[in-house]
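Student:
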Amino acid sequence: MAKQYDLVVVGGGTSGLEAAKTAAENGLKVALLERKSHPARVYRACAQMFLMNMDSFYNERMYFSREKQKWVFPVNNFSVTYTGGYREFYATHFIAPNAEDRIEIGDYEKNASGAGIAAVVFDKEALLNGLYEEGLKAGVAFFLERNVIDVRNTAGGVEVITSSGEKLVGTFCIAADGINSRVARRTGLNRDRVFLFTSGSVSYYITGVHFDRSEMICMGNAFDHEGNLGAVHFCMLPSVYRNDEYWLYIAGDEKLNFFINRSAFSKWFKNVEVTHKRCAVINAWSPAPEPFKNNILFVGDSCWFAEAENTGALLSGHKAAHAVCKALHTGQPNRDGVLDYITWWKRNWPETHDYKDFLCYPVFFRIFTEDELNYLHNIITQKLFWSLNPFNLYGHIMRGIQPHLERIKKERPTLAEKLATFTPERAIAAMKPATRLGFPAY
Amino acid sequence: MAKKYDLIVVGGGTSGLEAAKTAAENGLAVAVLERKTNPAIIQRSCAQMFLMNMDSFYNECMYFCRDTKKWIFPVNNFSVNYAGTYREFYGCHFIAPNAEDRIEIGDYEKNAAGQGIPAVVFDKGALLGGLFEEGKKAGVRYYLERNVINARTSAQGVEILTSTGERFVGTFCIAADGANSRLARVLGLNRDRVFCNTGRAISYYITGVKFDRSEAIFLGLCPEPGGRGTFPFSMLPSVYREDEYWLYIPNQERFEFFTQSSPFKKWFHNVQVTHKRCAVINNWSPAKEPFKDNVVFVGDSCWFAEAENTGALLSGHKAAHAVCNALHSGKPDREGIMDYITWWQRNWAETHDYKEFLCYPVFNRLFTEEEHNYLHRIVTQKLPWTMNPFKLYERVMIGIQPHMEKIKQERPALAQKIALFKPEMAITMLKPATRAGYPNY
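Chain order of the listed sequences is A and B. The numbering of the first sequence is our numbering, which starts it at 1179 and goes up by one. The numbering of the second sequence is our numbering, which starts it at 3 and goes up by one.
1. Mind the definition here: the segment 1513-1532 of chain A touches the segment 1551-1558 of chain A only if three or more C-beta pairs lie below 8 Å; say whether that holds.
2. In terms of residue numbering, what span does the alpha helix (DSSP H) encompassing Ser-1342 (chain A) cover?
3. Less than 8 Å between C-beta atoms, sequence neighbours within five positions excluded: which residues of the same chain meet that for Lys-278 (chain B)?
4. Could you check whether the Cβ of Asp-1184 (chain A) sits closer than 8 Å to any Cβ belonging to chain B?
5. Is the separation between the beta-carbon of His-378 (chain B) and that of Asp-125 (chain B) shorter than 8 Å?
6. By DSSP, does Lys-5 (chain B) sit in helix, in strand, or in coil?
7. Can you give me the C-alpha to C-alpha distance between Ile-1395 (chain A) and Phe-1569 (chain A), rounded to a whole angstrom?
8. Taking beta-carbon pairs under 8 Å, can you tell me which members of the segment 54-83 of chain B lie near chain A?
9. Whose CA, out of B:Arg-437, B:Val-11, B:Met-56, B:Asp-295, lies closest to the CA of Ala-26 (chain B)?
10. Which value, in whole angstroms, describes the spacing of the CA atoms of Gly-231 (chain B) and Glu-426 (chain B)?
11. Under 8 Å between beta-carbons, which chain A residues line up against Asn-327 (chain B)? List them in chain order, please.
12. Can you confirm whether Asn-28 (chain B), when its beta carbon is compared against all beta carbons of chain A, has any partner nearer than 8 Å?
13. Given this structure, state the Cα-to-Cα distance separating Phe-1546 (chain A) from Val-1208 (chain A), to the nearest angstrom.
14. Out of A:Arg-1244, A:Arg-1239, A:Ile-1295, A:Ala-1180, which has the shortest C-alpha to C-alpha gap to Glu-1266 (chain A)?
15. Could you have a look at Cys-175 (chain B) and say whether DSSP puts it in helix, strand or coil?
16. Closer than 8 Å, Cβ to any Cβ of chain B: which residues of the segment 1472-1502 of chain A, in chain order?
17. Determine whether the Cβ of Lys-112 (chain B) lies closer than 8 Å to any Cβ atom of chain A.
18. What is the DSSP secondary structure of Tyr-1260 (chain A), counted as helix, strand or coil?
19. Terminal residues of the continuous beta strand (DSSP E) containing Met-1397 (chain A)?
20. Taking only beta carbons into account, state which residues of the segment 1514-1545 of chain A come closer than 9 Å to chain B, listed in chain order.
21. State the CB to CB distance for the pair Trp-1249 (chain A) and Arg-1371 (chain A), rounded to an integer number of angstroms; the pair is presumed to be in contact (CB under 8 Å).
22. Compare the C-alpha of Ser-216 (chain B) against each of B:Ile-283, B:Tyr-88, B:Ser-240 and name the closest.
23. Hey, out of B:Cys-198, B:Arg-37, B:Glu-62, whose CA is closest to Trp-345 (chain B)'s CA?
24. Helix, strand or coil for Glu-1323 (chain A), going by three-state DSSP, please let me know.
25. Just list the residues that DSSP pairs Cys-361 (chain B) with in beta bridges.
26. Taking only beta carbons into account, state which residues of the segment 338-351 of chain B come closer than 8 Å to chain A, listed in chain order.
27. In terms of residues, what are the limits of the alpha helix (DSSP H) holding Cys-326 (chain B)?
28. Buried or exposed: Val-160 (chain B), going by 16 or more other Cβ atoms within 10 Å of its Cβ?
29. Exposed or buried, which one is Phe-1242 (chain A) when buried takes at least 16 other CB atoms within 10 Å?
30. Give the list of continuous beta strand (DSSP E) stretches no shorter than 3 residues that lie fully inside the segment 42-85 of chain B.
31. Would DSSP call Ala-203 (chain B) helix, strand or coil?
32. Going by CA-CA distance only, name the one from A:Pro-1528, A:Asn-1358, A:Phe-1228, A:Asp-1431 that's closest to Glu-1468 (chain A).
33. Please report the distance separating the alpha-carbon of Lys-38 (chain B) from that of Gln-45 (chain B).
34. Taking the CB atoms as reference points, tell me whether Pro-391 (chain B) and Phe-359 (chain B) lie closer together than 8 Å.
35. Quick one: what's got a C-beta closer than 6 Å to Glu-1603 (chain A)'s C-beta in the same chain, skipping five residues either side?
36. Shorter than 8 Å from the beta carbon of Tyr-320 (chain B) to some beta carbon of chain A?
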């Protein structure tokens, strides 16, 4: 006989733990299934960032209260307790392939001298552990080392089936199983989504990094002239674990080697030591039409285009839990009951965050030559307004280019032509080779 | 030198305490100024009701979680701790002047048998005491026995002055000073509002009440002692004692008539008054927006009575978060708290028309005693549950509708009155009361 719950949460990451804890604190009978032995051990690559309230993300403007040790989400009326450390950083720099020229988003110097906190890196394990402990206290039944392989609709709601044959039934289910959501696949949600690409990457935590203005996130492409690696994309930011440590996201050991030893960027590195590494393979899909199917609410990355990020994970987990509480307590255990969540998600996620805009920056190196990229990074000398919302970055760069278009037309007519005809839709087209190489989970 | 805070809350009632606690828990420096010695001691009349989630109020659908002892507001993502007791009730009955016929809203029998909890009465003292203690823990500075007499905008924000000459400065102020808000008056908010009437009444907590289906709220009309017209009363179970009821009635003379000489006297036997509470309130139309000069208005302070405790908690909580957002995103101004203004306009003013609230209270002026008896008798079907006072008039009208043909035949004059009545007329019909009122412009 399957155990019956008000809510079964699949996945004990940021979004799932927040959802389970919130629902249990509001009196629901909640089970959470998680594959790992301990939800707070983080194995997958994660930048562990929060974009703070100098900008908004999903229309939320979060901040940290040091005194109360809480992340506060003032637009959505809640807060999340956090006793871990964090490290502020001050800007986003797009670095040219020559490792010299850069497009600056945010005013590094002003922010570094206290004008505001643009963003932070935080300790995700501390966050997850806090949520887990709070969930235990609130009475969440945690089922660890459970691999959910299927979900089915039954008279009692949603039946969740694990690889060892266990069955749990919930009136509602929350799918918090991340970017490669099996629940999204099994319910057919992915058939209404556009598959974009499969991406594999490794996060290296490294020491031995030396460069100015290091308290920022920088990203760019290094071009391999001698070998056959082509354009190597990287993203680097300070680590929360150690002061002298950095987080470097790059697609594997071979590219890391090239990047720190042979590329134009090798001047940044001396005696590099890899402290530890984490990996991730992700399937990127366009967002689902709505975050709901057959009494399953989808939260975080499970129905979204990467990245919900930790902000979106907490927001959607919290909101979905409250929607389930309302649905059960108003006698509407169905789509009508959770309409608040569906409406909120649509308004604050797909209607304000276009995944095609997100894709634009990563495909720049496919559209522009190395020389053109150097030129573009060189010509934008003004500092652009702060943002680290990945859905806004492309817009920021385009606005940064705008004042220089006349000059570009004179000096580089082909580049001007490329810029004039570039649209977010073309980013999708430029992704086609990567799409063909991917492993979609329909 | 005035003390400087992020937020000064004027008034330590339901809305003010919730606002102060929430803002302090989110890291703001908060002061509360309250006139009383202890915020948790209730002196003014209050029905102490929460409408539960069989219906919505300000688009919220709240419920109570017994396990974790919290009122949950699932639409607005928060909850409020409550260690006190409460008492469920099952229906809302409109009672005719003959003390017999009634219009039933909600299915008393079904709800009493466990189908749902339409509404509860709760212990407001326990709610406020809890919020007060949580506020203390979060670092709220309470200034008790302070009578706020004025608010001014200064370069630093809002300066609040008390009757003893103390000054407090906050980047923002939250006005939680109730239906007769002094801040609304001194900031000129009332000049854009329509004054409706001054209401006076006494809440009697009484024992010695005997009648069937007692776990309901009764809104009734009692014949006037002199025989001309009727006066309204409300009665509902008390949260304090099983055998106690709360009776809201205009004054002592009518209380005596009601319990001893009126057709309702059969409900009462050896009535004892346990205690009583009073309230005089000025009713105004809602303000255009709940904001002026960095003062954010919550609860009854800018609304038409009743925000009720539901609205008080909601608006206090939302306003506090809006102030947090404004201060932390470097917009200490109207734009910074736009979320609150928009939320209030959408969920209060745009979905709750105060003119409809006024309709039921003016029915006693519109219909004769005999017509009231007839109307209460003819609506025999049970109407769908609500206790949202802004919807009651509409419910009654929906109840009358299927009987209009019969009314036209049997009582053409009454049918005519019903057909012509519009919520706008409630304002006109209140004119004599408006003239007799004491508006605080």
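All C-beta atoms, glycine included, are put in the ideal place defined by N, C-alpha and C. Since we're looking at a predicted model, the values are computed, not measured.
Tutor: Put simply:
1. no
2. Unbroken run through Ser-1342 (chain A): none, as it is neither H nor E.
3. Ile-204, Ser-205, Tyr-206, Tyr-207
4. no
5. no
6. strand
7. 16 Å
8. Asn-55, Met-56, Cys-63, Tyr-65, Cys-67, Arg-68, Asp-69, Thr-70, Lys-72, Ile-74, Pro-76, Val-77, Asn-78, Asn-79, Phe-80, Ser-81
9. B:Val-11
10. 22 Å
11. Asn-1231, Arg-1239, Pro-1252, Val-1253
12. yes
13. 51 Å
14. A:Ile-1295
15. strand
16. His-1496, Lys-1497, His-1500, Ala-1501
17. no
18. coil
19. 1395-1401
20. Asp-1518
21. Going by Cβ atoms, the distance from Trp-1249 (chain A) to Arg-1371 (chain A) rounds to 30 Å, so no, they are not a contact pair.
22. B:Ser-240
23. B:Glu-62
24. coil
25. Per DSSP, none; premise fails for Cys-361 (chain B).
26. Asp-341
27. 310-330
28. buried
29. buried
30. 51-53, 65-67, 72-75, 80-83
31. strand
32. A:Pro-1528
33. 9 Å
34. yes
35. none
36. Going by the sequence as given, residue 320 (chain B) is Lys instead of Tyr. Yes, because at least one Cβ of chain A sits closer than 8 Å to the Cβ of Lys-320 (chain B).
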